[in-house]
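Trainee: With positions in the sequence shown counted from 1, the corresponding number in my numbering is that position plus 7.
One structure is given below, represented as structure tokens, and several questions about it will come after.
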Amino acid sequence: MDQPTPPNLAGDTAASAKKGHIKVWAIVTAFLCTIFLVVGYISFRYVQTFTRSAQVTAPEMVTILKNGLRQNLFVDSPNLNLVFFGLDQVGNSRENSLLTDTILFVSIKAGGKITIIPIPRDLWIDPLKTKINALYFYGENDPDLSGIKLATKTISEITAVPIDHTIVLDLDTVKHIIDTVGGVDVMVDTAFTDSQFPRDDVNPDILPVSDRYKTISFTAGFQHMDGTRALEYIRSRKSQNALENTDESRSGRQQKVIAALTMKLTDKDTLVHPYLYGQLYLLWHKEIKSSLNDQDIVALAKYYVLQKPSMSTIPIPVKTATTSGVIYNPPLKKHKVWVWEPTDPNWEGFAQFFHATLQP
Numbered sequence: 008m009d010q011p012t013p014p015n016l017a018g019d020t021a022a023s024a025k026k027g028h029i030k031v032w033a034i035v036t037a038f039l040c041t042i043f044l045v046v047g048y049i050s051f052r053y054v055q056t057f058t059r060s061a062q063v064t065a066p067e068m069v070t071i072l073k074n075g076l077r078q079n080l081f082v083d084s085p086n087l088n089l090v091f092f093g094l095d096q097v098g099n100s101r102e103n104s105l106l107t108d109t110i111l112f113v114s115i116k117a118g119g120k121i122t123i124i125p126i127p128r129d130l131w132i133d134p135l136k137t138k139i140n141a142l143y144f145y146g147e148n149d150p151d152l153s154g155i156k157l158a159t160k161t162i163s164e165i166t167a168v169p170i171d172h173t174i175v176l177d178l179d180t181v182k183h184i185i186d187t188v189g190g191v192d193v194m195v196d197t198a199f200t201d202s203q204f205p206r207d208d209v210n211p212d213i214l215p216v217s218d219r220y221k222t223i224s225f226t227a228g229f230q231h232m233d234g235t236r237a238l239e240y241i242r243s244r245k246s247q248n249a250l251e252n253t254d255e256s257r258s259g260r261q262q263k264v265i266a267a268l269t270m271k272l273t274d275k276d277t278l279v280h281p282y283l284y285g286q287l288y289l290l291w292h293k294e295i296k297s298s299l300n301d302q303d304i305v306a307l308a309k310y311y312v313l314q315k316p317s318m319s320t321i322p323i324p325v326k327t328a329t330t331s332g333v334i335y336n337p338p339l340k341k342h343k344v345w346v347w348e349p350t351d352p353n354w355e356g357f358a359q360f361f362h363a364t365l366q367p
């Protein structure tokens, strides 16, 4: 009588194991495909929303991103130097001018550091017999020049530093940017009240004179500011607190708003809103004058993400009776107007300060 064939336990086990491995790989593959499809869909929707908001086509945006990500900002120098000009233009005609009341020299270092040097608006340029904040105005009114060319050329000469790019925007644009991102959170170090802040909703020649102004107040501590409130904070010049009336304090407030805006633009909660960035892209093209192109902006964004640069603001040292410096306040009778001027008429000390500060 035939004996039954014993089961091939080893073979069955191997086959089962093989089937198990195949099943696991199938699950993993399906999971990865699902993730890929979800990520792809989200990316597609993000790009689609951005391009519609920015009013550009997807192929155009892909080209900009590709070129910007490949770009090296520091091919010719370890520093990329920009000058930021803020025009004193808002809705009220009294404030509408081509005076650059905010001038920031910004040096971006390849090693991951950004240095900002505010240039005082009342800095006297003796060869031209005017303050530095009027150069843009004179350049715009000269048929052979431009505001940017005259201002940039002069700043490069007195600092002995090459300037790679410029950015020009007015205060209304700053307001629009801040409102677009939903406001900014600013730390107010010192409480102050300004009872002579110019109103933007009245004729600048209205009488009585008191009707031309309103009172604004800021308490110490963190405050969420919309565009209008942020402009009040950085424009205030007639505070009852003497410490807040100087160009230095006003410049400091400007730096705080810029830092808060930078933080908001790079915050993860902001990054998930492609429509918002599309609107900022439109603002960039419609309201801001700059020698930076779209690829440059992408390259700067890549630099910021990868380097996570530190940011510091360094004021130009002022000479007093007790301190050394490279600029000082001469007697009013010298130029018939309140100004800063270099302690060295040839600007050598001024240039040395910039070179020492901007070392890589």
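Cβ atoms here follow ideal geometry from the backbone N, Cα and C, with glycine treated the same way.
For V175, I'd like the list of residues in its chain whose CB is within less than 6 Å of its CB, leaving aside the five on either flank, ordered along the chain.
Mentor: Numbered from its first residue, the sequence shown carries residue 175 at position 168. Counting only Cβ-Cβ distances below 6 Å, and skipping sequence neighbours, we find F92, K296.
Trainee: Using DSSP's beta-bridge definition, name the partner residues of Y220.
Mentor: Mapped onto the sequence shown, residue 220 falls at position 213. Note: Y220 sits in a beta bridge opposite P205.
Trainee: Which value, in whole angstroms, describes the spacing of the CA atoms of H342 and I126?
Mentor: Taking the first residue of the sequence shown as position 1, residue 342 is located at position 335. Taking the first residue of the sequence shown as position 1, residue 126 is located at position 119. Taking the straight line from one Cα to the other gives about 19 Å.
Trainee: What is the DSSP secondary structure of W345, reduced to helix, strand or coil?
Mentor: By 1-based counting over the sequence shown, the position of residue 345 is 338. W345: coil per DSSP, three-state reduction.
Trainee: Give me the Cα-Cα distance between V191 and K340, rounded to the nearest whole angstrom.
Mentor: Translated into positions along the sequence shown, residue 191 becomes position 184. Translated into positions along the sequence shown, residue 340 becomes position 333. Cα to Cα, the separation comes out at about 43 Å.
Trainee: Between which two residues does the beta strand (DSSP E) containing I139 stretch?
Mentor: Within the sequence shown, the letter at position 132 stands for residue 139. Per DSSP, I139 belongs to no beta strand (DSSP E) and is neither H nor E.
Trainee: Thinking C-beta only, is M232 closer than 9 Å to V376?
Mentor: Coverage of the chain is limited to positions 8 through 367, which leaves residue 376 absent and any answer about it impossible.
Trainee: If you reduce the DSSP assignment to three classes, tell me which class K116 lands in.
Mentor: Reading the sequence shown from its first residue, position 109 is the one you call residue 116. Strand at K116.
Trainee: Using the three-state DSSP reduction, which class does D303 fall into: helix, strand or coil?
Mentor: Here residue 303 refers to the residue found at position 296 of the sequence shown. It is helical.
Trainee: Sort out for me which residues DSSP pairs W131 with in a bridge.
Mentor: Against the sequence shown, residue 131 aligns to sequence position 124. DSSP lists K138 as partners of W131.
Trainee: Is the region 241 to 261 touching the region 194 to 204, taking contact as three or more C-beta pairs under 8 Å?
Mentor: Verdict: yes, contact present.
Trainee: Can you tell me which residues form a DSSP beta bridge with P125?
Mentor: The count along the sequence shown starts at 1 and reaches residue 125 at position 118. For P125, which the question treats as bridged, DSSP gives the partners L111.
Trainee: Determine the closest residue to V193 out of I123, Q262, E294, with distance taken between C-alpha atoms.
Mentor: Taking the first residue of the sequence shown as 1, we reach residue 193 at position 186. Measuring from the Cα of V193, the nearest candidate turns out to be Q262.
Trainee: Using 8 Å as the cut-off, can you tell me whether the region 167 to 183 makes contact with the region 221 to 228, which would need three or more C-beta pairs spanning the two stretches below that distance?
Mentor: Output reads no: the region 221 to 228 does not touch the region 167 to 183.
Trainee: Classify K260: buried if its beta carbon has 16 or more other beta carbons within 10 angstroms, exposed otherwise.
Mentor: Locating residue 260 in the sequence shown gives position 253, where the first residue counts as 1. Lys is not the amino acid found at residue 260; the sequence shown has Arg there. Buried, because 16 or more other Cβ atoms sit within 10 Å of the Cβ of R260.
Trainee: Measuring straight from C-alpha to C-alpha, what distance separates G119 and A267?
Mentor: Counting from one through the sequence shown, the residue named residue 119 turns up at place 112. Counting from one through the sequence shown, the residue named residue 267 turns up at place 260. Those two C-alpha atoms are separated by around 19 Å.
Trainee: Which first and last residues belong to the beta strand (DSSP E) in which T320 is found?
Mentor: As a position in the sequence shown, residue 320 is number 313, starting the count at 1. It spans 317 to 320 - the beta strand (DSSP E) in which T320 sits, taken as one unbroken run.
Trainee: Mind checking whether Y335 and E348 have CB atoms under 9 Å apart?
Mentor: The count along the sequence shown starts at 1 and reaches residue 335 at position 328. The count along the sequence shown starts at 1 and reaches residue 348 at position 341. Their beta carbons are under 9 Å apart, which means Y335 touches E348 by this criterion.
Trainee: Smallest Cα separation from V195: which of P66, Y240, P211, F144?
Mentor: Residue mapping note: residue 195 aligns to position 188 of the sequence shown, counting from 1. V195 has its Cα closest to that of Y240, out of P66, Y240, P211, F144.
Trainee: Taking 9 Å as the cut-off, decide whether the C-beta atoms of L89 and F112 are in contact.
Mentor: In the sequence shown, the residue the question calls residue 89 occupies position 82. In the sequence shown, the residue the question calls residue 112 occupies position 105. Yes, Cβ-Cβ distance for L89 and F112 is below 9 Å.
Trainee: Given this structure, state the Cα-to-Cα distance separating A308 from L80, to the nearest angstrom.
Mentor: Taking the first residue of the sequence shown as position 1, residue 308 is located at position 301. Taking the first residue of the sequence shown as position 1, residue 80 is located at position 73. Taking the straight line joining both Cα atoms gives about 11 Å.
Trainee: If you follow the alpha helix (DSSP H) that G285 is part of, which residue opens it and which one closes it?
Mentor: Counting from 1 along the sequence shown, the entry for residue 285 is found at position 278. Residues 281 to 294.
Trainee: Assuming G190 is part of the alpha helix (DSSP H), what are its boundary residues?
Mentor: Taking the sequence shown and counting its residues from 1, one reaches residue 190 at position 183. From DSSP, G190 is part of no alpha helix (DSSP H); its letter is neither H nor E.
Trainee: Which residues in the same chain have their Cβ closer than 6 Å to the Cβ of N140, if we skip the five residues on either side of it in sequence?
Mentor: Sequence index remark: in the sequence shown, residue 140 carries index 133 (1-based). Excluding sequence neighbours, N140 sits near L106, T107, D108, R128.
Trainee: Residues in the same chain with beta-carbon distance under 7 Å from T277, minus the five sequence neighbours each way, listed in chain order, please.
Mentor: By 1-based counting over the sequence shown, the position of residue 277 is 270. Hits under 7 Å: V188, K271, L283.
Trainee: Is S243 helix, strand or coil by DSSP?
Mentor: Walking along the sequence shown from the start, residue 243 turns up at place 236. The answer is coil: DSSP assigns S243 none of H, G, I, E or B.
Trainee: Compare the C-alpha of R236 against each of I185, K116, N210 and name the closest.
Mentor: For the purposes of this step, residue 236 is identified with residue 229 of the sequence shown, where counting begins at 1. Of the listed residues, the one whose Cα sits closest to R236 is I185.
Trainee: Is the CB-CB distance between S319 and I155 below 9 Å?
Mentor: Here the question's residue 319 lines up with position 312 in the sequence shown. Here the question's residue 155 lines up with position 148 in the sequence shown. No.
Trainee: Measure from the alpha carbon of P301 to the alpha carbon of each residue in P322, V54, E67, then state which is nearest.
Mentor: Your numbering for residue 301 matches position 294 in the sequence shown. Here residue 301 turns out to be Asp, not Pro, going by the sequence shown. The option with the nearest alpha carbon to D301 is E67.
Trainee: Compare the beta carbon distance of I213 and I162 with 9 Å and say whether it is the shorter of the two.
Mentor: Here residue 213 refers to the residue found at position 206 of the sequence shown. Here residue 162 refers to the residue found at position 155 of the sequence shown. It is not a contact, given that the beta carbons lie outside the stated cut-off.
Trainee: Tell me the residue span of the beta strand (DSSP E) that contains F92.
Mentor: Working through the sequence shown from its first residue, we reach residue 92 at position 85. Segment 86 to 94, the beta strand (DSSP E) holding F92.
Trainee: Determine, using beta carbons only, whether I323 and I123 come nearer to each other than 9 Å.
Mentor: Here residue 323 is taken as the residue at index 316 of the sequence shown, counted from 1. Here residue 123 is taken as the residue at index 116 of the sequence shown, counted from 1. Taking 9 Å as the Cβ cut-off, I323 and I123 do not qualify as a contacting pair.
Trainee: Contact defined as beta carbons within less than 8 Å: I believe A198 pairs with A227. What is the distance between those atoms, to the nearest angstrom?
Mentor: If you number the sequence shown from 1, residue 198 lands on position 191. If you number the sequence shown from 1, residue 227 lands on position 220. Contact holds; Cβ gap of about 5 Å.
Trainee: Would L178 and Y143 be called neighbours here (beta carbons separated by less than 9 Å)?
Mentor: Residue 178 sits at position 171 when you count from the first residue of the sequence shown. Residue 143 sits at position 136 when you count from the first residue of the sequence shown. For L178 and Y143, no; Cβs fall outside 9 Å.
Trainee: Following the continuous beta strand (DSSP E) through L176, name the residue where it begins and the one where it ends.
Mentor: In the sequence shown, residue 176 corresponds to position 169, counting from 1. Here the beta strand (DSSP E) through L176 covers 172 to 177.
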